[in-house]
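What follows is a set of notes on a single structure, which appears directly below.
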Amino acid sequence: MKPASPAITVDVEDWPQSTWDRSLPISPRAADNTNHLLDLLAELDVRATMFVLGKFARVHAGVVRRMLAEGHEVASHGDGHVEVNRLTPEEFARDLERSKSVLEDITGEPVRGYRAPDFSIGRENLWALDVLAESGFTYDSSIFPIRNRRYGVPDWPRGPARVRTAHGTELVEFPISTLRFLGRNWPLGGGGYQRLLPGSIFRMLAGTAMRRGPFVFYCHPYEFDPDEFDALDFEVPARVRLHQGLGRRRVADRFRAFVRRFGGCRPIDLCRPSDWPVYHPVRDAAPQ
Ligand SMILES: [Zn+2]
Numbered sequence: 185m186k187p188a189s190p191a192i193t194v195d196v197e198d199w200p201q202s203t204w205d206r207s208l209p210i211s212p213r214a215a216d217n218t219n220h221l222l223d224l225l226a227e228l229d230v231r232a233t234m235f236v237l238g239k240f241a242r243v244h245a246g247v248v249r250r251m252l253a254e255g256h257e258v259a260s261h262g263d264g265h266v267e268v269n270r271l272t273p274e275e276f277a278r279d280l281e282r283s284k285s286v287l288e289d290i291t292g293e294p295v296r297g298y299r300a301p302d303f304s305i306g307r308e309n310l311w312a313l314d315v316l317a318e319s320g321f322t323y324d325s326s327i328f329p330i331r332n333r334r335y336g337v338p339d340w341p342r343g344p345a346r347v348r349t350a351h352g353t354e355l356v357e358f359p360i361s362t363l364r365f366l367g368r369n370w371p372l373g374g375g376g377y378q379r380l381l382p383g384s385i386f387r388m389l390a391g392t393a394m395r396r397g398p399f400v401f402y403c404h405p406y407e408f409d410p411d412e413f414d415a416l417d418f419e420v421p422a423r424v425r426l427h428q429g430l431g432r433r434r435v436a437d438r439f440r441a442f443v444r445r446f447g448g449c450r451p452i453d454l455c456r457p458s459d460w461p462v463y464h465p466v467r468d469a470a471p472q
């Protein structure tokens, strides 16, 4: 059987604000980059899920309306890009409400999906899934089943699952895709590995992962912008430029080749939630 197309997910934000200084305003460049990516998705005839930061939506509502008009799903990336593991449950609920209300005011449609800034939902703050369900979200895509210095739940199920929390709520989780190799999970669904691996190797590995189950890919509009660091009006250390900027010049062509080969869809198009296994993070031994 032919594997399903990968879910294409985009975290819509502004690199200086989300990564450098949370107090910065959202720049016009963030809208330009997002419009360029929407042009590319239109060229490829693919509908994606856009996890939009509330702070972005407040200044670039027209870009959010364009997403909806072109068939993309508008979901939430929170409001201010503060990591969930730095918030109390009450602060998280307020951040969710702010982002959800601005997005719903713009689109007139309910927001159902959420992705945390920097994948900041882990074992220590799984209460966040209860807050999401109580706030009206039906799915989450914040858990990266890897071991990383800053984030990750290495023993989380690697495919979509209906998560039953300790408090009895249920939410579908779409983890970012990984590759199992040498006894551990490696990030494959996006970020540095995707930018730095040769394109043909990345597509070969992604194809292997897709034969195992649904594939969730993520990217940011700024990753398609090779000139951003030269245009900033503040100095970014060489180490950060290298880590965050390397490979950007190739990203658009590689994305084109990836989508032309495998297609693309929104996570909610992958299959019926009832088809997915149920996972109790507290009770179950995690499958690999
Ligand atoms: Zn983000």
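Sequential numbering of the sequence shown, starting at 185, is according to the numbering used here.
A virtual CB, placed ideally from N, CA and C, is assigned to each residue, including glycine.
For arginine 296 and phenylalanine 321, I'd like the C-alpha separation in whole angstroms. 5 Å
Suppose only complete runs of 4+ residues qualify. What are the alpha helix (DSSP H) ranges in the stretch 357 to 433, listed by chain order? 376 to 380, 383 to 396, 412 to 415 and 422 to 429
Rounded separation between aspartate 411 and glutamine 201 - CA only: Rounded to whole angstroms, the gap between the alpha carbons of aspartate 411 and glutamine 201 is 17 Å.
Identity of the residue in His256, Arg342 and Ala245 nearest leucine 224 by Cα: His256
Should serine 202 be counted as a contact of ligand 1 given a C-beta to heavy atom distance under 7 Å? yes
How is the beta strand (DSSP E) around isoleucine 192 delimited, first residue to last? 191 to 196
Grouping DSSP H, G and I as helix and E and B as strand, with all else coil, what is leucine 271? coil
For my contact list, alanine 191 and phenylalanine 399 are in at a C-beta cut-off of 8 Å; report their separation, rounded to the angstrom. Distance from alanine 191 to phenylalanine 399 at the Cβ level is roughly 7 Å; contact confirmed, criterion being Cβ atoms closer than 8 Å.
Given the structure, does aspartate 411 come close to ligand 1, in the sense that its CB is under 7 Å from one of the ligand's heavy atoms? A distance criterion of 7 Å places the beta-carbon of aspartate 411 beyond contact range of ligand 1, judged by its closest non-hydrogen atom.
With a threshold of 16 other CB atoms inside 10 Å of the CB of phenylalanine 418, please say whether the residue is buried or exposed. The residue in question, phenylalanine 418, is exposed, as its Cβ has fewer than 16 Cβ neighbours within 10 Å.
Given that a residue counts as buried once 16 or more other Cβ atoms are within 10 Å of its Cβ, and exposed if not, what is glycine 367? exposed
Within the stretch 231 to 271, ranges of the beta strand (DSSP E) (whole runs, at least 3 residues): 233 to 236 and 257 to 260
Tell me which residue opens and which closes the beta strand (DSSP E) that arginine 307 is part of. Per DSSP, arginine 307 belongs to no beta strand (DSSP E) and is neither H nor E.
Between which two residues does the alpha helix (DSSP H) holding arginine 213 run? 212 to 228
When Arg299, Gly373 and Asn269 are compared against arginine 334, the one with the closest alpha-carbon: Among Arg299, Gly373 and Asn269, the Cα nearest to that of arginine 334 belongs to Asn269.
What is the rounded straight-line gap between the Cα of alanine 415 and the Cα of glycine 373? Spanning the two alpha carbons is a distance of roughly 28 Å.
To the nearest angstrom, how far is the alpha carbon of glutamate 293 from that of alanine 215? Rounded to the nearest angstrom, the two C-alpha atoms are 21 Å apart.
Below 8 Å on the Cβ atoms is my contact criterion, and I expect arginine 387 with arginine 346 to pass it. Report the Cβ-Cβ distance as a whole number of Å. 30 Å between Cβ atoms; not a contact.
Neighbourhood of phenylalanine 439 by C-beta distance below 8 Å, restricted to the same chain and skipping five residues each side: Leu224, Cys403 and Phe408
Quick one: using the 10 Å Cβ neighbour count with 16 as the cut-off for buried, is alanine 253 buried or exposed? The residue in question, alanine 253, is exposed, as its Cβ has fewer than 16 Cβ neighbours within 10 Å.
List the whole-angstrom C-beta distance separating tryptophan 460 from valine 356, where the pair is believed to meet the contact cut-off of C-beta under 8 Å. 7 Å
Assess contact between the stretch 421 to 429 and the stretch 232 to 249, defined as three or more Cβ pairs (one per stretch) separated by less than 8 Å. Is contact present? In short, these stretches do not touch, since the Cβ pair count stays below three.
Identify whether alanine 277 lies in helix, strand or coil by the three-state DSSP scheme. Reduced to three states, the DSSP call for alanine 277 is helix.
Beta-carbon gap between aspartate 324 and histidine 261 smaller than 8 Å: Against a cut-off of 8 Å, the Cβ pair of histidine 261 and aspartate 324 comes out as no contact.
Within a Cβ cutoff of 6 Å, which residues of the same chain sit near leucine 430, ignoring the five residues on either side of it in sequence? Closer than 6 Å at the Cβ level, and outside the excluded window around leucine 430, lies no residue.
Under DSSP, the beta strand (DSSP E) around arginine 348 begins and ends at which residues? In the DSSP assignment, arginine 348 falls within the unbroken beta strand (DSSP E) covering 345 to 348.
Report yes if the C-beta of aspartate 205 is less than 7 Å from at least one heavy atom of ligand 1; otherwise report no. no
On the DSSP bridge list, what partners appear for leucine 355? Per DSSP, Val347.
Can the beta-carbon of threonine 272 be found closer than 8 Å to that of aspartate 314? no
Does ligand 1 have a heavy atom nearer than 7 Å to the CB of histidine 244? no
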